[in-house]
Ligand code: GDP
Ligand code: IMO
Ligand code: MG
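Residue numbers (my numbering): 53 to 482.
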């Protein structure tokens with residue numbers, strides 16, 4: 053029996069969806085604990101690609117319980133669209149496979165409107181958010197004026213809470229952001245129509261997950277975004293608004309930390325970032341373009357081109373520490389197939405100092421320059437390799453160097469988007 057947390061160890065889009073899909077084979081429950089539909093998790097089964105924004109990435113496995121924990125923020129429109137899309141493809145035959153915790157905060161139309169208008173108004177100082185209303189929804193949650201999933205299922209409560217909160221939102225939208233106010237009756241009609249379809253998914257994530265653990269089931273906790281986008285430990289303010297690190301799984305579901313057996317951080321063999329904010333190893337040259345092209349680095353949620361750069365061990369060590377990673381899953385190694393030399397940043401230079409810990413102060417981080425080590429490339433197609441030991445010696449050397457620089461074992465190596473392009477070196481559920 054083991055309970056495993058998966059987190060992004062960089063700035064998101066590391067391949068969490070693929071790894072969760074692979075690991076689901078060993079789990080009975082897959083649980084999202086934070087974020088919302090800012091996430092875009094891609095699963096490729098055979099030739100079929102599925103992108104999930106809200107529903108846990110275990111959903112393609114029949115009979116595996118998929119749970120949305122209290123720490124998630126949920127846009128009911130997107131959630132229903134995702135359900136419909138999955139059913140159309142023949143998944144989610146039994147609605148009992150899916151459960152949403154009653155304390156999940158709802159993304160409301162004013163949250164989306166505020167997110168988009170604020171970014172517009174900020175101009176050059178924008179965060180580069182996904183525009184899905186994530187930040188404003190978490191603000192209301194912490195400000196104790198959020199509307200929760202369970203409230204939506206009680207029409208009078210929902211109407212009362214909306215009536216209480218909307219005047220303040222409209223005042224802000226109109227007078228500060230210069231936007232049109234939103235109509236209370238239109239929101240009421242729209243959301244109460246969703247409520248009828250959502251009723252059957254209501255449950256208590258903490259009870260379900262703890263019962264399963266007591267019964268000896270394996271639970272997989274699926275993080276969204278990445279450790280460097282964490283609201284406390286990331287490159288603040290260029291972060292998302294939730295606790296993306298492993299600790300977030302406990303508060304975002306209601307499980308005790310003592311029940312967690314392993315924490316796996318997903319990292320690409322290089323780095324990408326979408327949106328604004330510091331990125332010390334970013335490449336602005338041909339090489340960056342080549343990685344973007346070979347790795348198809350375009351956002352799964354917004355379609356934006358992802359910024360690309362060399363693997364950053366200083367940043368990765370930060371993720372190893374803040375998450376207490378017990379293993380790394382290394383993805384997209386195949387994207388580096390053609391390179392004769394691969395650079396890896398193992399320290400930063402700040403003024404005349406060498407820094408090995410990721411600076412918490414953004415002003416210092418901005419002035420850091422990467423110190424690179426060069427590693428020879430394997431210059432072979434590795435997509436077809438099925439056993440780790442059969443990788444070219446130079447590819448194995450790259451993996452082992454990452455282990456020694458981070459002090460964390462690489463437990464999975466991914467060499468393509470599909471399920472069968474994966475080498476499991478150590479199964480965290482075993
Ligand atoms: P997530 O948000 O962490 O789940 O990652 P995304 O789905 O946003 O982005 C990862 C992208 O890389 C998706 O298009 C995956 O299908 C793809 N992918 C995952 N692992 C690999 C890999 O090992 N090699 C290649 N070439 N693509 C991969
Ligand atoms: P997955 O789960 C990559 C980024 C946005 C922006 C910042 C804040 O697919 O890895 P937000 O809309 O959350 O307020 O935006 O966070 N961001 C992501 N980047 N992958 C994600 O999710 C992301 N979710 C948010 O681009 O910089
Ligand atoms: Mg993604």
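For glycine and all other residues, C-beta sits at the position ideal for the given N, C-alpha and C.
Since this is a predicted model, take the numbers as computed values, not measurements.
Does the distance between the C-beta of residue 483 and the nearest non-hydrogen atom of ligand 1 fall short of 7 Å?
The question about residue 483 has no answer here: the residues shown for the chain are numbered 53 through 482.
Here's the rule: buried if 16 or more other CB atoms are within 10 angstroms of the residue's CB, otherwise exposed. What is residue 475?
By the Cβ-count criterion, residue 475 is buried, with 16 or more other Cβ atoms from all chains shown falling within 10 Å of its own Cβ.
If residue 234 sits next to residue 162, beta carbons under 8 Å apart, how far is it from one beta carbon to the other, in whole angstroms?
Contact between residue 234 and residue 162 holds, with the beta-carbon distance rounding to 6 Å and staying under 8 Å.
Using the three-state DSSP reduction, which class does residue 258 fall into: helix, strand or coil?
Note: residue 258 maps to helix in three-state DSSP.
Contact between the region 336-353 and the region 281-292 (3+ Cβ pairs under 8 Å)
Contact annotation: the region 336-353 does not touch the region 281-292, with fewer than three C-beta pairs closer than 8 Å.
What residue ranges within the region 134-197 form continuous beta strand (DSSP E) runs of no fewer than 3 residues, ordered along the chain?
Counting whole runs of 3 or more residues, the region 134-197 contains the beta strand (DSSP E) stretches 150-153.
In terms of alpha-carbon separation, which member of 241, 434, 372, 479 lies closest to residue 457?
Taking only the C-alpha atoms, the option nearest residue 457 is 372.
Between residue 237 and ligand 2, is the CB less than 7 Å from at least one heavy atom?
No, the Cβ of residue 237 stays beyond 7 Å of every heavy atom of ligand 2.
In the DSSP assignment, what are the bridge partners of residue 428?
Residue 428 pairs with 393.
Chain-order list of residues whose beta-carbon lies under 7 Å from that of residue 165 (same chain, five-residue window excluded)
Within its own chain, the residues whose Cβ lies closer than 7 Å to the Cβ of residue 165, once the five positions on either side in sequence are excluded, are 225, 231, 234, listed in chain order.
Identify whether residue 78 lies in helix, strand or coil by the three-state DSSP scheme.
Look at residue 78 here: in three-state DSSP terms it is helix.
Using the beta-carbon count (16 or more within 10 Å), is residue 219 buried or exposed?
Classification for residue 219: exposed.
Give the list of continuous beta strand (DSSP E) stretches no shorter than 3 residues that lie fully inside the region 276-321.
If we require 3 residues or more, the beta strand (DSSP E) runs fully inside the region 276-321 come out as 314-320.
Quick check on this structure: which residue in 159, 208, 222, 211 has the alpha carbon closest to the alpha carbon of residue 191?
Looking at the Cα atoms, 159 is the closest of the given residues.
Alpha carbon of residue 110 to alpha carbon of residue 118, nearest angstrom:
CA-to-CA, the gap between residue 110 and residue 118 works out to about 6 Å.
Residue 97 versus residue 67: straight-line alpha-carbon distance, rounded:
Cα to Cα, the separation comes out at about 14 Å.
Using three-state DSSP, classify residue 436 as helix, strand or coil.
Residue 436 falls in the coil class under three-state DSSP.
Cβ shell of residue 180 (< 6 Å), same chain only, five flanking positions each side left out:
Only 327, 328 meet the Cβ criterion.
For residue 90, the nearest candidate out of 196, 134, 105 (CA to CA)
Here the closest residue by C-alpha is 105.
Local conformation of residue 344 per DSSP, three classes
Residue 344: helix per DSSP, three-state reduction.
Among 347, 303, 274, which one has its Cα closest to the Cα of residue 324?
For residue 324, the nearest C-alpha among the options comes from 347.
In terms of alpha-carbon separation, which member of 393, 407, 386, 461 lies closest to residue 428?
Of the listed residues, the one whose Cα sits closest to residue 428 is 393.
To test your reading of the DSSP string, which unbroken alpha helix (DSSP H) runs of 4 or more residues are found completely within the region 90-142?
Within the region 90-142, the complete alpha helix (DSSP H) segments at least 4 residues long are 128-140, listed from N- to C-terminus.
Measuring from each Cβ to the nearest heavy atom of ligand 3, keep the ones under 5 Å and list them in chain order.
Every residue passing the under-5 Å Cβ criterion appears here: 65, 92, 352.
Use the C-beta contact count for residue 277: other C-beta atoms within 10 angstroms, 16 or more gives buried, fewer gives exposed.
Buried is the call here.
DSSP puts residue 57 in a beta bridge; with which residues?
Looking at the DSSP output, residue 57 sits in a beta bridge with 273, 315.
heavy atom of ligand 1 below 7 Å from residue 318 C-beta
Yes, Cβ of residue 318 sits closer than 7 Å to a heavy atom of ligand 1.
Pick out whichever of 390, 414, 411, 420 has its Cα sitting closest to the Cα of residue 404.
Restricting attention to 390, 414, 411, 420, the CA atom closest to the CA of residue 404 is found in 420.
Taking 7 Å as the line, does the beta carbon of residue 386 fall inside it for any heavy atom of ligand 1?
For residue 386, the CB falls within less than 7 Å of some heavy atom of ligand 1.
To the nearest whole angstrom, what separates the beta carbons of residue 461 and residue 446, a pair I think is in contact under 8 Å?
Not really, about 20 Å apart at Cβ, beyond 8 Å.
Three-way DSSP call (helix, strand, coil) for residue 360 in this model:
The answer is strand: DSSP assigns residue 360 an E or B state.
Compare the beta carbon distance of residue 480 and residue 267 with 8 Å and say whether it is the shorter of the two.
Pairing residue 480 with residue 267 gives a Cβ-Cβ distance that is not under 8 Å.
Can you tell me whether residue 386 is buried or exposed, with buried defined as 16 or more other CB within 10 angstroms of its CB?
When all chains shown are included, residue 386 counts as buried.
Helix, strand or coil: which one does DSSP assign to residue 452?
Of the three classes helix, strand and coil, the one that applies to residue 452 here is helix, per DSSP.
Name the one or two DSSP bridge partners that residue 400 has.
Looking at the DSSP output, residue 400 shares a beta bridge with 407, 422.
What I want to know is whether the C-beta of residue 56 ends up closer than 7 Å to one or more non-hydrogen atoms of ligand 1.
No, since every heavy atom of ligand 1 falls outside the 7 Å radius drawn around the Cβ of residue 56.
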